[in-house]
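A short write-up of the structure that comes next.
There are 2 protein chains.
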Amino acid sequence: MDITEFVAKSIGHWRSQRSAHHLAFGHFEAVQSEIDILSLELDDPAVIELCQTYHVDPQTVVSPFRMSWEGHSDWEDSEVVKGTCVLVPVPDPDRVNCGKLLRDQGYAEEIAAVGEYTITQDGTFILVTVYDRAAAEEKIWFVNPNVRCRVSLIKTSAGSGVVTASFSSEIRQTIKD
Amino acid sequence: MDITEFVAKSIGHWRSQRSAHHLAFGHFEAVQSEIDILSLELDDPAVIELCQTYHVDPQTVVSPFRMSWEGHSDWEDSEVVKGTCVLVPVPDPDRVNCGKLLRDQGYAEEIAAVGEYTITQDGTFILVTVYDRAAAEEKIWFVNPNVRCRVSLIKTSAGSGVVTASFSSEIRQTIKD
């Protein structure tokens with residue numbers, strides 16, 4: 009599976025159950041959300057702008073997409089967690105199924121970032137993003153065309169200590185009218 | 009990583025946080041438990057007996073171990089969930105990092121079973137066990153020597169429908185006195 013196929017399989021409307029384990033305290037957090045993943049055109053202004061920010065030639069990107077989510081956590085009952093961001097894969101011309109993933113700031117509190125992705129032989133998408141004070145490692149795989157799993161680890165920036173481990177099961181929803 | 013190394017890294021006392029997602033209902037279940045994984049001798053009577061049950065030559069097995077767990081779920085506050093079982097890997101002589109995993113009945117309600125395992129190039133242990141009316145797929149990997157992640161999927165026996173997806177983060181505990 010290559011990045012184009014991986015993104016194509018991800019396009020759609022998903023219902024997500026996410027459990028976060030805060031390891032130091034043994035706490036559980038449960039989040040339910042709806043996620044929309046939409047394909048973007050290569051010449052979409054948001055894609056061009058993100059390429060410019062990271063000095064990436066727009067001719068080298070494939071399958072840009074927008075991800076939006078809206079949900080609620082059992083930790084913050086009253087608050088709706090929502091956000092959107094643009095994601096742009098930039099395949100590495102020299103390494104099969106490896107590359108960069110550009111992400112804009114969106115309107116959530118997330119910061120813009122560049123991650124490094126790999127797709128393993130068994131079709132698992134692995135994304136590593138290094139921030140100033142933390143690193144994130146994410147694995148996403150399809151169990152079948154309508155079920156994806158996603159494991160996200162937040163580590164200390166040294167990379168050895170795991171602070172939070174979270175798991176999402178995502179089920180594709182039929183298109184609404 | 010081969011099965012011997014994988015089992016060796018797993019030996020120890022672990023604290024586990026497990027979240028189960030019951031997908032049809034969008035329910036979350038949280039389980040906290042302690043897990044002990046102990047190495048067994050090749051000539052341990054429990055290993056020999058399990059080999060006999062499955063007509064496996066005890067000379068062909070490697071790294072047998074016993075796994076015991078004790079925990080509680082937020083669904084059944086009063087009840088302690090505990091069990092133990094013996095696990096015996098039988099590497100496939102013809103395929104690298106593939107084989108069978110025999111499991112005895114133990115004293116929990118689990119039934120004896122044989123699974124097929126594979127260890128991927130990035131060190132993920134994948135176990136598929138087919139039962140009469142369901143199939144289980146489990147992925148286990150080490151984030152660092154003291155943190156393992158485990159994703160378990162229970163599917164309908166046809167294999168396409170996912171009924172439960174669960175995620176465990178497991179942290180090695182220092183040896184108690």
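Order-wise, the sequence lines are chains B and X.
Using the working numbering, read the first sequence as starting at 9 and increasing by one per residue.
Using the working numbering, read the second sequence as starting at 9 and increasing by one per residue.
Cβ atoms here follow ideal geometry from the backbone N, Cα and C, with glycine treated the same way.
Backbone CA spacing between residue i and residue j [nearest angstrom]
i, j, result
"X:Lys90", "X:Ser81", "11 Å"
"B:Ala173", "B:Leu58", "29 Å"
"B:Val69", "B:Leu95", "10 Å"
"B:Ser176", "B:Val155", "10 Å"
"B:Asn105", "X:Gln113", "42 Å"
"X:Asp102", "X:Tyr62", "19 Å"
"X:Leu31", "X:Pro97", "31 Å"
"X:Pro153", "X:Ile19", "11 Å"
"B:Glu78", "X:Phe33", "19 Å"
"X:Arg111", "X:Ala54", "11 Å"
"B:Thr12", "B:Phe133", "12 Å"
"B:Leu46", "B:Cys93", "11 Å"
"X:Ile56", "X:Lys17", "23 Å"
"B:Gln129", "X:Asp130", "9 Å"
"X:Leu135", "X:Phe150", "15 Å"
"X:Ser41", "B:Arg158", "23 Å"
"X:Glu178", "B:Gln67", "43 Å"
"X:Ala38", "X:Ser71", "31 Å"
"X:Leu48", "X:Met75", "10 Å"
"B:Leu109", "B:Asp52", "17 Å"
"X:Arg23", "B:Val88", "32 Å"
"B:Ile148", "X:Tyr125", "20 Å"
Delimiting residues of the alpha helix (DSSP H) encompassing residue i
i, result
"X:Ala16", "Ile11 to Ser18"
"X:Leu58", "Pro53 to Thr61"
Identified DSSP bridge partners for residue i
i, result
"X:Pro66", "Bridge partners of X:Pro66: none, in fact."
"X:Glu42", "X:Arg23 and X:Glu78"
"X:Ala28", "X:Glu37 and X:Ser174"
"B:Ser160", "B:Glu146 and B:Ser174"
"X:Gly169", "Paired residues: none, contrary to the question."
"B:Thr132", "Paired residues: none, contrary to the question."
"X:Thr137", "X:Gly123 and X:Ala144"
"B:Gln181", "B:His21"
First and last residue of the uninterrupted beta strand (DSSP E) at residue i
i, result
"B:Leu109", "Cys106 to Arg111"
"B:Asn152", "Ala142 to Asn152"
"X:Thr126", "Ala121 to Ile127"
"B:Pro101", "No beta strand (DSSP E) holds B:Pro101; DSSP gives it neither H nor E."
"B:Leu48", "Segment: none, B:Leu48 is in no beta strand (DSSP E) and carries neither H nor E."
Contacts around residue i, its chain only, beta-carbon distance under 7 Å, and the 5 residues preceding and following it disregarded
i, result
"X:Asp185", "Annotation note: pLDDT 46 at X:Asp185 (below 50); position unreliable, coordinate value reported separately. Result list for X:Asp185: empty, nothing under 7 Å."
"B:Asp100", "Cys106 and Gly107"
"B:Phe36", "Ser27 and His29"
"B:Met9", "Ile127 and Gly131"
"B:Gln25", "Gln40, Ser176 and Ser177"
"X:Trp83", "Glu37"
"X:Gly169", "Lys163"
Residues of its chain near residue i, where Cβ-Cβ distance is below 6 Å and the 5 sequence neighbours each way are ignored
i, result
"B:His21", "Asp44 and Gln181"
"X:Thr137", "Ala121, Gly123 and Ala144"
"B:His29", "Ala173"
"X:Leu50", "none"
"X:Glu146", "Leu135 and Ser160"
"B:Val15", "Ser71 and Phe73"
Contacting residues, own chain, Cβ-Cβ under 8 Å from residue i (five flanking each side not counted)
i, result
"X:Asp65", "Cys59"
"B:Ala142", "Ile162, Lys163, Thr164, Ser165 and Val171"
"X:Ile119", "Gln113 and Tyr139"
Listed by chain order, chain A residues near residue i by CB distance under 9 Å
i, result
"X:Gln40", "Protein chains in the displayed structure are B and X, and chain A is not among them."
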